[in-house]
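Listed in order, the protein sequences are those of chains A and B.
Heads up: the first sequence is residues 6 to 294, going by our numbering.
Heads up: the second sequence is residues 6 to 294, going by our numbering.
Glycine residues also receive a C-beta, built at the ideal position from the N, C-alpha and C atoms.
Heads up: the structure comes next, in structure tokens.
Number of protein chains: 2
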Amino acid sequence: MAFSNLSILGVGLLGGSIGLGLRASANPCKIVGYGYRRETLEQAQAFGAIDRWTLDLREAVADADLVILCTPVGLFETMLKQLAPVLKPGTLVTDVGSTKRTVVRLARDLLPEANPFVGSHPMAGSEKRGVEYARADLFHNALCILTPTAGSPRSAATGLEIFWESLGMRIVRLSPEEHDAAVSDISHLPHLLAAALVSMQSRSAMPLAGKGFIDTTRIASGDARLWRDILLDNRDNVLTSLTRLQNEIATLKKLITPTKGEALTAWLASAAQRRDDLAKAKLREIADE
Amino acid sequence: MAFSNLSILGVGLLGGSIGLGLRASANPCKIVGYGYRRETLEQAQAFGAIDRWTLDLREAVADADLVILCTPVGLFETMLKQLAPVLKPGTLVTDVGSTKRTVVRLARDLLPEANPFVGSHPMAGSEKRGVEYARADLFHNALCILTPTAGSPRSAATGLEIFWESLGMRIVRLSPEEHDAAVSDISHLPHLLAAALVSMQSRSAMPLAGKGFIDTTRIASGDARLWRDILLDNRDNVLTSLTRLQNEIATLKKLITPTKGEALTAWLASAAQRRDDLAKAKLREIADE
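Structure below.
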């Protein structure tokens with residue numbers, strides 16, 4: 006099941022990279038871009054990320070067999086409401102958002118029965134926004150989490166799996182609930198910590214920052230409004246992650262004392278080992294491609 | 006005031022990189038390496054990081070006009086005690102440790118009056134250890150913090166400043182107290198946070214880690230015993246930094262609620278802006294070289 010007519014709603018970093026990636030893999034599908042800003046769409050077309058574009062949503066999805074929502078998470082409800090009356094029966098809808106419970110619920114409530122929805126979270130990106138940062142290889146070797154539910158036709162999830170694999174991604178399937186809990190720990194919390202680490206620096210310490218600090222806080226440069234939407238949408242999980250981190254810090258503070266030297270070493274060594282194992286596993290995954 | 010006879014005590018990543026950097030800048034000084042392990046010293050000589058080596062401390066410093074302590078922070082007291090009786094009058098002593106109050110106090114208490122000590126903290130390194138990771142350009146464009154005190158002869162600090170500049174470093178002078186407080190925030194805290202972020206991950210979330218997580222936690226891979234020594238030595242400041250971070254997290258948790266959306270956006274945007282300004286300032290510093 007290959008898609009021959011693709012509609013990308015919102016052609017920024019992710020939407021643009023999908024288009025460029027499909028072209029780089031010589032996928033012959035037709036790609037229509039939709040958005041609010043003519044300049045962005047013209048730029049996306051000039052880059053070769055889309056074949057044509059329109060500011061009219063009905064026109065954008067008229068022939069589509071796959072529609073990919075690439076707008077910020079905060080716009081999903083509006084987009085799905087506008088999509089519902091203009092989709093032809095059978096068109097599969099997915100998204101690239103960083104949270105999954107809300108979009109899956111919205112799609113179930115708002116889209117016609119004849120339009121299956123399966124959530125996608127391609128875990129690739131950048132702290133940069135905009136189609137000018139789009140890259141054909143953005144998704145290479147990265148993970149894509151799919152969140153099919155009991156209501157999703159099996160063929161829809163399989164078709165999407167093949168689609169993302171064609172862009173170089175590895176697939177993991179989780180429930181929307183499992184997804185939101187896991188990314189809260191592994192993605193949303195690191196962002197917040199990077200931002201907190203920057204926020205608490207004094208003006209005198211900041212100029213002393215070295216390469217380690219610059220690397221550690223890179224993800225704090227992400228777009229504030231995008232992140233606000235993600236954090237509010239995943240609020241319960243994010244607050245739980247922050248509480249677990251607070252507990253970890255409280256434990257750590259008790260270890261930073263001369264009589265606990267061995268326990269402190271063990272805590273540091275265990276973290277170093279887990280991080281090294283992870284980095285090695287990631288390298289192996291890339292080598293296995 | 007150029008140094009013509011250098012003694013490097015502990016030829017690992019930092020000591021080895023000093024030697025390689027001096028050679029790369031065509032500095033004609035003689036470099037002796039000292040350490041406990043013959044294999045390491047042979048390796049350092051084979052790499053061209055030192056001209057010759059010895060396992061005898063007296064021999065290592067007999068002709069030195071500059072001695073650089075490059076052992077772990079936890080060994081400084083032992084090393085300074087052993088150094089005191091074998092230094093010739095006038096030999097300047099410095100170190101490359103990550104904390105400064107203790108080593109400055111130890112040097113004042115243990116070294117002869119005729120041997121000035123000025124602390125150095127070249128803020129360059131790696132999560133790797135060992136001379137096999139040494140690089141001639143490790144110090145290029147990085148910051149070196151010098152901590153001269155009222156008792157340090159002016160010529161000693163000036164000589165060291167020129168020495169580190171010859172390896173491509175930019176110099177900042179701070180008091181030992183200012184140094185330890187600032188690096189607690191900008192260097193020790195990021196390390197602990199990276200480790201805490203790894204430690205609190207569940208086994209199910211870990212495989213979902215993306216590039217952002219790998220970057221954010223890179224520094225957690227540092228050597229556990231080295232870090233234990235640094236953290237215990239700088240305990241008061243590190244505990245203060247952790248408390249300030251706990252307060253920042255507590256503030257943040259109150260912002261992750263729908264009615265505080267604007268304040269959350271402002272908090273995220275301010276962190277992103279400060280981090281971007283820092284990254285740009287670092288790029289400018291490199292461009293200015």
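Around A:W232, the beta-carbon contacts reaching into chain B at under 9 angstroms are L269, T270, L273 and A277. Using beta-carbon distances, B:E253 counts as an interface residue toward chain A, with a partner under 7 angstroms. Note: B:D100 is bridge-paired with B:L74 in the DSSP secondary-structure output.
Contact between B:L148 and A:G215 holds, since their C-beta atoms are separated by about 7 angstroms, short of 8 angstroms. Collapsing the DSSP output to three states places B:N252 in a helix.
For the set A:R178, A:S171, A:L165 and A:L231, the Cα lying nearest the Cα of A:L197 is the one of A:L231.
Runs of beta strand (DSSP E) with 3 or more residues, each lying fully within the segment 154 to 205 of chain A, are found at 175 to 178, listed in chain order.
Residue contact with chain A for B:M205: present (Cβ-Cβ distance below 7 angstroms to some residue of chain A). Taking the C-beta atoms as reference points, A:A277 is found nearer than 7 angstroms to B:A229.
Within its own chain, the residues whose Cβ lies closer than 6 angstroms to the Cβ of A:G38, once the five positions on either side in sequence are excluded, are I13, V16, L46, A49, I55 and W58, listed in chain order. Burial check for A:R233: the Cβ neighbour count within 10 Å reaches 16 or more, so the residue is buried. Listed along chain B is no residue with a C-beta nearer than 8 angstroms to that of A:G17; the closest approach is about 17 angstroms. Interface residue (Cβ-Cβ distance to chain A less than 7 angstroms): B:T222 is classified as such.
If you compare the alpha carbons of B:A225, B:L27, B:G26 and B:L62 with that of B:G40, the shortest gap goes to B:L62. Here A:N239 is buried. Its C-beta has 16 or more other C-beta atoms within 10 Å. Membership of B:I13 in the beta strand (DSSP E) is indicated by the continuous run N10 to L14.
Look at the beta carbons and you see the segment 157 to 171 of chain B touching the segment 95 to 104 of chain B: at least three pairs across the two are nearer than 8 angstroms. In its chain, beyond the 5 residues on either side, L14, L74 and T76 have a beta carbon closer than 7 angstroms to the beta carbon of B:M84.
The three-state reading of DSSP puts A:P263 in helix, counting H, G and I together. One Cα belongs to A:L273, the other to A:G173, and the distance between them is close to 35 angstroms. The beta carbon of A:L18 sits closer than 8 angstroms to those of G130, S131, K133, R134, G135, V136, Y138, A139 and L143, all from its chain and outside the five residues before and after it, given in chain order. Nearest C-alpha to A:H145 among A:P127, A:L151 and A:G53: A:P127. Of the residues A:D281, A:S180, A:I261 and A:E253, the one whose Cα lies closest to the Cα of B:I219 is A:D281.
Ranked by Cα distance from A:K105, the first of A:L250, A:T256 and A:I235 is A:I235. Under the criterion of beta carbons closer than 8 angstroms, B:R208 and B:E290 do not qualify as touching, at roughly 41 angstroms. Assignment of beta-bridge partners to B:K35 by DSSP yields B:N10. The Cβ atoms of A:A186 and A:N252 lie no closer than 7 angstroms to each other.
B:P263 and A:C34 have their C-alpha atoms spaced approximately 41 angstroms apart. Between A:A112 and A:F122, the alpha-carbon positions lie close to 6 angstroms from each other. A:V108 and B:Q206 have their C-alpha atoms spaced approximately 25 angstroms apart.
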